[in-house]
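Before any comments, here is the structure.
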Amino acid sequence: MPKRSCPFSESFSSQYKVHVGQRELSQHGVFGGKYRQEIYEKTKTLLFNGASAVMGTIWKADGGEKCTGAPPPAPTQSLLKGQTLIGQDGRLTKANCAQGGGVAVSSTRCGVCQKSQGVDVRTACSQCDRLSCSSCSRQCSSCSSQCCSVCTVVE
Numbered sequence: 065m066p067k068r069s070c071p072f073s074e075s076f077s078s079q080y081k082v083h084v085g086q087r088e089l090s091q092h093g094v095f096g097g098k099y100r101q102e103i104y105e106k107t108k109t110l111l112f113n114g115a116s117a118v119m120g121t122i123w124k125a126d127g128g129e130k131c132t133g134a135p136p137p138a139p140t141q142s143l144l145k146g147q148t149l150i151g152q153d154g155r156l157t158k159a160n161c162a163q164g165g166g167v168a169v170s171s172t173r174c175g176v177c178q179k180s181q182g183v184d185v186r187t188a189c190s191q192c193d194r195l196s197c198s199s200c201s202r203q204c205s206s207c208s209s210q211c212c213s214v215c216t217v218v219e
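For what it's worth, the working numbering labels the leading residue of the sequence shown as 65, then goes sequentially.
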């Protein structure tokens, strides 16, 4: 005698093992909107508490105390043209305002090959203001000015 067939359709969902977790409840459940709102509020409060804690230390340091978190940039570091710094208050400041007028020249190294050269041998690139030695500077074919080998267009 043959086996009798299953009276239910193959997609009878109550017969399958399905894991129902918090994600499924929040996406498809009856109180899904409520769960999503709770998650949103909890995430928002965590973000605002973290941001206010960070900004609180910045504002306290700006009020009269010195911030010891990050040291100011060393005078030997050179900044590129148009580069900005993050100030103690968390705002961007222009490089020439922060250093008092442009690129630092105290380094005796070439800005491209990093070899030590004499101060009189280096020339400033007309595009990025990077100081480069005579072997790294070339005449650009598009603008006909002295540029470093990073910025030049050679045909």
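Every residue, glycine too, gets a C-beta built ideally from N, C-alpha and C.
Within its own chain, the residues whose Cβ lies closer than 8 Å to the Cβ of Leu89, once the five positions on either side in sequence are excluded, are Phe95, Gly96 and Tyr99, listed in chain order. According to the DSSP secondary-structure assignment, Cys212 is paired through a beta bridge with Ser201. Here Arg68 is exposed: its Cβ has fewer than 16 other Cβ atoms, across all protein chains shown, within 10 Å. In this structure, the CA atom of Tyr104 is about 27 Å from the CA atom of Ile122.
The continuous alpha helix (DSSP H) containing Arg87 extends over residues Gln86 to His92. Shortest Cα-Cα distance from Ser208 to any of Cys197, Val118 and Cys189 involves Cys189. Closest option to Arg186, judged by alpha-carbon separation, among Gly151, Ile150 and Ser198: Ser198.
With contacts defined by Cβ atoms closer than 7 Å, Cys200 and Cys215 do not form a contacting pair.
Sixteen is the threshold: when 16 or more other Cβ atoms of the shown chains lie within 10 Å of the Cβ of Ser196, as they do, the residue is buried. Per DSSP, Lys158 is one residue of the beta strand (DSSP E) stretching across Leu156 to Lys158.
Here Gly146 is exposed, its C-beta having fewer than 16 other C-beta atoms within 10 Å. An exposed status is given to Gly120, since fewer than 16 other beta-carbon atoms sit within 10 Å of its beta-carbon. Shown here for Lys179: same chain residues with a beta carbon closer than 8 Å to its own, the five before and five after excluded, namely Arg173 and Cys197 in chain order.
The beta carbon of Thr148 sits closer than 7 Å to those of Leu156, Thr157, Lys158 and Ala159, all from its chain and outside the five residues before and after it, given in chain order.
Beta-bridge partners of Leu149 (DSSP): Thr157.
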